[in-house]
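Chains as they are written, first to last, in this note's numbering: chain A, 1 to 114; chain B, 1001 to 1110. The structure under discussion appears below in the form of structure tokens.
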């Protein structure tokens, strides 16, 4: 298996622009997680899905952030409008099921908002 | 709220020395604990997952112990190599979420 796939790997955009990050989980995994990593705050969970349904989005920082999972093999995280403080590395992870399973992380998307 | 602390924040050792990385957590009602490795500019790689019923887990030169009652886990890396240089993070579940420590950055000098 190719593992969790994220695109793009790097994104540079200007403040106010819309940013869409994409994730393909490992085939057969039912749970998907979006994390953000910054030097100041470390790794933070933004939202997670189980069987394509959002379960907990309490980590989403603002209404500018939204996430969807239209099917079992694809998820997006959208920021509209983007701001410089959104600059971070965004990781997607998947696991076989919620709970006691290992989470497998993608390589991340480095986002820089100018 | 689960708080996860890792000490030390950074560690530099000569090649061949054994590494000891510490992780502590505030809520002992966990069902597992994971150790991850992160290389610069890369994602996280799962190293070991210890279930709450286990006291330790081993994989090659890596050994992780878990003491739920004291809220501690330790990752031991035997006979360190320059390729072990990375940041090591521990994570504990908080409901279905993972709460991460800030990590210990390890440098193994050749």
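C-beta atoms are modelled at their ideal positions from N, C-alpha and C, and glycine is treated no differently.
Check: Nonlocal neighbours in the same chain, by C-beta distance under 7 Å from residue 1046 (chain B), ignoring five residues either side; Outcome: 1034, 1036
Check: Through-space distance from residue 23 (chain A) to residue 54 (chain A), alpha-carbon basis; Outcome: 15 Å
Check: Nearest-angstrom Cα separation, counted from residue 48 (chain A) out to residue 69 (chain A); Outcome: 10 Å
Check: Inter-residue spacing [alpha-carbon to alpha-carbon] between residue 1028 (chain B) and residue 1048 (chain B); Outcome: 19 Å
Check: Cβ pair residue 52 (chain A), residue 96 (chain A) closer than 8 Å; Outcome: no
Check: Paired residues, beta bridge with residue 1006 (chain B) - DSSP; Outcome: B:1023
Check: Three-state secondary structure (DSSP) of residue 1040 (chain B); Outcome: coil
Check: Short CB-CB distance (under 8 Å) between residue 1034 (chain B) and chain E; Outcome: Absent here is chain E; the protein component of the structure consists of chains A and B.
Check: Near-chain B residues of the segment 71 to 85 of chain A (beta-carbon distance less than 7 Å), N- to C-terminal order; Outcome: none
Check: Presumed contact (8 Å Cβ cut-off) between residue 1013 (chain B) and residue 1059 (chain B), rounded CB distance; Outcome: Actually they are not in contact, since the Cβ atoms of residue 1013 (chain B) and residue 1059 (chain B) sit about 20 Å apart, beyond 8 Å.
Check: Cross-chain neighbours of residue 1042 (chain B) in chain A, by beta carbon under 7 Å; Outcome: 107
Check: Residue-chain proximity (residue 21 (chain A), chain B), Cβ-Cβ < 8 Å; Outcome: no
Check: Cutoff 8 Å: residue 1046 (chain B) Cβ touching any chain A Cβ; Outcome: yes
Check: Nearest residue (CA-CA) to residue 2 (chain A), options A:111, A:113, A:106, A:110; Outcome: A:106
Check: First and last residue of the uninterrupted beta strand (DSSP E) at residue 1056 (chain B); Outcome: 1056 to 1059
Check: Beta carbon of residue 32 (chain A) nearer than 8 Å to that of residue 75 (chain A); Outcome: yes
Check: Cutoff 7 Å; reference residue 1099 (chain B); Cβ partners in own chain excluding five residues on either side; Outcome: 1002, 1004, 1091, 1092
Check: C-alpha distance - residue 1026 (chain B) paired with residue 1071 (chain B), whole-angstrom precision; Outcome: 6 Å
Check: C-alpha distance - residue 1040 (chain B) paired with residue 27 (chain A), whole-angstrom precision; Outcome: 27 Å
Check: Burial state of residue 114 (chain A) (16 or more Cβ within 10 Å); Outcome: exposed
Check: Validate contact between the segment 75 to 89 of chain A and the segment 32 to 42 of chain A using beta carbons, cut 8 Å, 3 pairs; Outcome: yes
Check: Anticipated Cβ contact below 8 Å, residue 6 (chain A) with residue 109 (chain A), distance rounded; Outcome: 5 Å
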